[in-house]
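S.K.: Quick one: the structure is below, questions incoming.
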Amino acid sequence: METVYKYALVILLLVVLFNLGQALYFMMTDKDGSKRTVWALTRRIGLSVLLILMVVLGIWMGWLHPHGVGR
325 METVYKYALV ILLLVVLFNL GQALYFMMTD KDGSKRTVWA LTRRIGLSVL LILMVVLGIW
385 MGWLHPHGVG R
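Numbering (our numbering), first residue to last: 325 to 395.
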C-alpha cells in the first residue's frame with residue numbers, strides 16, 4: 325500500500341506541474357477575455373490542496389515517514 329500511495333503522490337505532483345505549465349501556455353497564447361488561464365490555475369490550487377492533504381494523511385496513517393532533518 326505504501327508504494328502505491330507514493331506513486332499516487334508523484335503522479336498528482338506531475339499533474340499539478342502540468343496544470344501550471346498549461347496555465348503559462350494559455351496566458352501567453354490566448355487573447356483578452358479568455359478564462360482558460362484562470363481555470364488552469366484554479367485546478368492547480370485545488371490539486372495542490374489535495375496533494376497536501378494526501379501527504380498529511382500518509383504521515384498520519386504511517387505510510388510516509390518524515391526524514392527528521394534539523395532535529
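The C-beta atom is built at its ideal place from N, Cα and C for all residues, glycine as well.
So, with DSSP's three-state summary, where would you put S358?
M.R.: As a first step, residue 358 is located in the sequence shown; it is residue number 34 there, counting from the start. Residue state, collapsed to three classes: coil.
S.K.: Could you give the DSSP three-state label for G386: helix, strand or coil?
M.R.: In the sequence shown, the residue the question calls residue 386 occupies position 62. In this structure, G386 counts as coil in the three-state DSSP scheme.
S.K.: Could you give the distance in angstroms between the alpha-carbon of G386 and the alpha-carbon of I376?
M.R.: Numbered from its first residue, the sequence shown carries residue 386 at position 62. Numbered from its first residue, the sequence shown carries residue 376 at position 52. Roughly 15 Å separates the two Cα atoms.
S.K.: Can you tell me whether V393 is helix, strand or coil according to DSSP?
M.R.: Residue mapping note: residue 393 aligns to position 69 of the sequence shown, counting from 1. Looking at V393 - three-state DSSP - the assignment turns out to be coil, as it is neither helix nor strand.
S.K.: What's the call for A332, buried or exposed, on a 16-neighbour Cβ count within 10 Å?
M.R.: The sequence position of residue 332 within the sequence shown is 8, counting from 1. Label assigned to A332: exposed.
S.K.: When you compare only the Cα positions, how much space is there between Q346 and R367?
M.R.: Residue 346 sits at position 22 when you count from the first residue of the sequence shown. Residue 367 sits at position 43 when you count from the first residue of the sequence shown. Rounded to the nearest angstrom, the two C-alpha atoms are 11 Å apart.
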